[in-house]
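Residue numbers (our numbering): 708 to 972.
Data block below; observations after.
Set out below in structure tokens:
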């Protein structure tokens with residue numbers, strides 16, 4: 708998705724509906740546009756965010772957010788009932804409280820940004836703790852959706868391939884940019900062109916990923932992970948997602964950056 712569309716969406720949001728913050732690490736920045744309210748809950752705007760790894764690179768990210776489907780739901784919803792949010796240094800924290808007939812849960816989101824040792828290297832890490840606040844077992848389908856705009860020239864040349872379970876390599880051969888999109892423990896993944904993937908999460912039908920689109924490209928990459936969770940009353944489950952960037956096609960260097968960031972967690 709082209710960056711100017713993201714800017715137009717942000718500019719059109721009213722001040723009362725604006726929920727965002729910026730975290731920084733070295734010369735890397737991440738602008739977090741968190742989901743908020745009924746429009747984001749069933750619409751397409753949640754998580755319209757910017758990720759600038761620094762150096763000569765520009766914003767590499769159009770959208771990254773979380774959707775869910777609970778027991779009895781006939782469609783997916785974005786996390787949108789935000790209770791609180793704070794941003795400081797390289798860390799952001801958000802608390803969401805979601806409920807429907809027959810279930811309720813809290814989602815505590817933490818995002819951390821890390822700067823790499825070399826120019827243009829950076830990574831961000833999401834930690835999501837889902838706590839079942841209801842009286843019955845919570846069978847929850849949780850989705851993370853990602854829309855990248857790799858490199859400088861745009862997004863129509865992106866390619867992707869699954870390296871290992873929960874590890875997706877995405878690259879732009881035109882700009883020699885490589886990303887690792889990580890969803891540890893995910894049940895399924897899906898790769899596809901903009902905006903087909905997102906529309907499956909924002910339409911009125913039930914969606915389940917099925918390991919589609921591998922390998923992907925060339926095209927305007929979007930992707931996502933799905934976790935199928937079963938959580939007892941009062942219990943919690945933790946889910947992780949991360950994205951790392953290097954300005955060259957070097958998955959090994961990127962995985963080294965990921966290991967560095969995980970040691971810092």
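Ideal Cβ positions, reconstructed from N, Cα and C, are used throughout, including at glycine.
1) Relative to the C-alpha of residue 762, which residue among 825, 746, 893 and 782 is closest?
2) What does residue 931 pair with, by DSSP beta-bridge criteria?
3) Quick one: what does DSSP say residue 909 is sitting in, helix, strand or coil?
4) Residue 762 lies in the beta strand (DSSP E); which residues open and close that run?
5) When you compare the CB of residue 809 with every CB in chain D, is at least one pair closer than 8 Å?
6) Less than 8 Å between the beta carbons of residue 822 and residue 766, yes or no?
7) Rounded to whole angstroms, how far is the Cβ of residue 895 from the Cβ of residue 921, which I believe are closer than 8 Å?
8) Please determine, among 815, 828 and 751, the residue with the shortest C-alpha to C-alpha distance to residue 951.
9) For residue 742 and residue 818, I'd like the C-alpha separation in whole angstroms.
10) Contact check, residue 839 vs residue 938 under 8 Å by CB: the rounded distance?
11) Restricting to runs no shorter than 3 residues, where is the beta strand (DSSP E) found entirely within the stretch 821-845?
12) Residue 803 to residue 760, Cα distance in whole Å?
13) Identify the residues that DSSP records as bridge partners of residue 804: which are they?
14) Helix or strand or just coil, what does DSSP make of residue 782?
15) I believe residue 879 touches residue 858 by the beta-carbon criterion, under 8 Å. Please report the beta-carbon distance rounded to the nearest angstrom.
16) Is the distance from the Cβ of residue 930 to the Cβ of residue 867 below 8 Å?
17) Could you work out which residue in 926, 831, 876 and 749 is closest to residue 736 when comparing CA atoms only?
Looking at the coordinates:
1) 825
2) 852 and 897
3) helix
4) First-last for residue 762: undefined, no H or E at that position.
5) As a matter of chain content, chain D is missing from the structure shown, which is built from one protein chain.
6) Cβ distance not < 8 Å, so residue 822 and residue 766 don't count as in contact.
7) Actually they are not in contact, since the Cβ atoms of residue 895 and residue 921 sit about 11 Å apart, beyond 8 Å.
8) Of the candidates 815, 828 and 751, the residue whose Cα lies closest to the Cα of residue 951 is 828.
9) 14 Å
10) 4 Å
11) Qualifying beta strand (DSSP E) stretches, in chain order: 829-839.
12) Each residue's alpha carbon lies about 28 Å from the other.
13) 813
14) coil
15) Between residue 879 and residue 858 a beta carbon distance of about 4 Å is seen, short of the 8 Å cut, so the two are scored as contacting.
16) Yes, the pair counts as a contact, with Cβ atoms nearer than the cut-off.
17) 831
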